[in-house]
Amino acid sequence: METSTSASRFWRWLLPAAVAGCLYVNYLYNVHPPAGALSNGAMSARHPTLLTPAGYAFSIWGVIFAGLVAYTVWQLLPAQRFSRLVARLTPVLALAVLATTAWTLVFSYELIGPSLVVMLAILGLLAVAYARSRPLVLAGQAPAWPTWFLSLYLGWIMLATVLNVIFGLRDAAGVQWPADANLLGSHALVVVAAGLGTALAWRGHDALLPLPLAWGLVGTWAAQRGAAPHLATTALGAAVALGVGAVLAIWSRQRQPRPQMG
1 METSTSASRF WRWLLPAAVA GCLYVNYLYN VHPPAGALSN GAMSARHPTL LTPAGYAFSI
61 WGVIFAGLVA YTVWQLLPAQ RFSRLVARLT PVLALAVLAT TAWTLVFSYE LIGPSLVVML
121 AILGLLAVAY ARSRPLVLAG QAPAWPTWFL SLYLGWIMLA TVLNVIFGLR DAAGVQWPAD
181 ANLLGSHALV VVAAGLGTAL AWRGHDALLP LPLAWGLVGT WAAQRGAAPH LATTALGAAV
241 ALGVGAVLAI WSRQRQPRPQ MG
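Taking our numbering, the leading residue of the sequence shown gets 1, the next gets one more, and so forth.
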């Protein structure tokens, strides 16, 4: 029992340290990047894709980080010392935050191949974190409000992973596509993202998860409506479909029996 308590204490205190480090690194490398480093905006401009959203879309990180900070404080409260949700979520979440910091560093120094590997690790860790926490919320064994940010975090990283795979294959592995194939593939990826986001929202009765995907695709529409109007229309249609998926997720959740917290 003592070992278990010590391990829990370690992860509960590692998370705030990881979050503080992540916030500092993101601020430094995006506002005052060191010599040899580029901000995320500069990197996106240097490695553009047809699906890269307009710059304003990345402001969603402010919402994600706000929720992450709130959860970090909540899980440190004495009342959560033996929380099942904290025990299952905090260790994996701490690793995901550390990986997010690592991604900012390697991406800023234009290490495209390693940044793709780290992004895939972030996606995997967040998927595990979501799979560990969401069933507890749905079963009424944990409150929903501390983990709302996780749906946004996972949804946004799903979209970010698609972008990283595209320019990772192109700029790190040297894979090149004809212009027509690139455009057709972008249409297909938009449709797949919309379908996956809607399916996950329905399965998890989660109206928040598809929203960052929709937000990013609206950003794609804004970025491409002049240069690639047909792709922009597809992106906007997919965003609307994801919004409908969010509404359906609310409806499906309301139809579920409401378990009692215990």
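For glycine and all other residues, C-beta sits at the position ideal for the given N, C-alpha and C.
Within its chain, find whatever has a CB closer than 6 Å to the CB of A222; leave out the 5 residues flanking it on each side and keep chain order. The count along the sequence shown starts at 1 and reaches residue 222 at position 222. Correct list, in chain order: A54.
Just tell me which of Q224, S115, W61 and V31 has its CA closest to the CA of G168. To locate residue 168, count along the sequence shown from 1; it is residue 168. It is S115 whose Cα lies nearest to the Cα of G168.
Is L150 near the ligand SAM, judged by its Cβ being under 8 Å from some heavy atom? Ligands in the displayed structure: none, and consequently the ligand SAM is not present.
Cα separation between L196 and V190? Along the sequence shown, read from residue 1 onward, the residue named residue 196 stands at position 196. Along the sequence shown, read from residue 1 onward, the residue named residue 190 stands at position 190. Distance between the alpha carbons of L196 and V190 is about 10 Å.
For T220, I'd like the list of residues in its chain whose CB is within less than 6 Å of its CB, leaving aside the five on either flank, ordered along the chain. The residue given as residue 220 occupies position 220 in the sequence shown. Closer than 6 Å at the Cβ level, and outside the excluded window around T220, lie L51, P53 and A235.
Keeping to the same chain, check which residues put their C-beta closer than 7 Å to that of V165; ignore five residues upstream and five downstream. By 1-based counting over the sequence shown, the position of residue 165 is 165. L116, listed in sequence order.
Taking DSSP as the reference, what is the three-state secondary structure of A227? Walking along the sequence shown from the start, residue 227 turns up at place 227. A227 falls in the coil class under three-state DSSP.
Measuring CB to CB, does T216 end up less than 9 Å from W156? Walking along the sequence shown from the start, residue 216 turns up at place 216. Walking along the sequence shown from the start, residue 156 turns up at place 156. Note that residue 216 is Gly in the sequence shown, not Thr. Yes, the pair counts as a contact, with Cβ atoms nearer than the cut-off.
Among D206, A214 and S39, whose alpha-carbon lies nearest the alpha-carbon of H232? Taking the first residue of the sequence shown as 1, we reach residue 232 at position 232. Looking at the sequence itself, residue 232 is Ala, so the reference to His does not match. Checked all of D206, A214 and S39; the closest Cα to A232 is A214.
With DSSP collapsed to three states, give me the class of V247. Position 247 of the sequence shown, counted from the start, is the residue given in the question as residue 247. It is helical.
Go through its chain and collect everything with a Cβ distance to W74's Cβ below 8 Å, but skip five positions before and after it. Translated into positions along the sequence shown, residue 74 becomes position 74. Within the same chain, Q80 and P146 come within 8 Å of W74 by CB-CB distance, once the 5 residues on both sides are set aside.
Burial state of R132 (16 or more Cβ within 10 Å): As a working note, residue 132 is residue 132 in the sequence shown. Classification for R132: buried.
Using 8 Å as the cut-off, can you tell me whether the segment 36-44 makes contact with the segment 118-130, which would need three or more C-beta pairs spanning the two stretches below that distance? no
Where M1 sits in the DSSP three-state scheme: In the sequence shown, counting from the first residue as 1, residue 1 sits at position 1. With a pLDDT of only 42 at M1, under 50, the local geometry of the prediction cannot be trusted, and no value is derived from it.
How far does the alpha helix (DSSP H) with G62 in it extend, from its first residue to its last? The residue labelled residue 62 in the question sits at position 62 within the sequence shown. I60 to L76 is the span of the alpha helix (DSSP H), which, as asked, contains G62.
Please work out which residues of its chain come closer than 7 Å, Cβ to Cβ, to Y71, disregarding the five sequence neighbours upstream and downstream, and give them in chain order. Working through the sequence shown from its first residue, we reach residue 71 at position 71. Taken in chain order, the residues that qualify are P146, T147 and F149.
DSSP state of A235 mapped onto helix, strand, coil: Locating residue 235 in the sequence shown gives position 235, counting from the first residue. DSSP places A235 in helix when its eight states are reduced to three.
Based on Cα-Cα distance, which residue from L136, Y24 and L76 lies nearest to R88? Residue 88 sits at position 88 when you count from the first residue of the sequence shown. For the residues L136, Y24 and L76, the minimum Cα distance to R88 belongs to L136.
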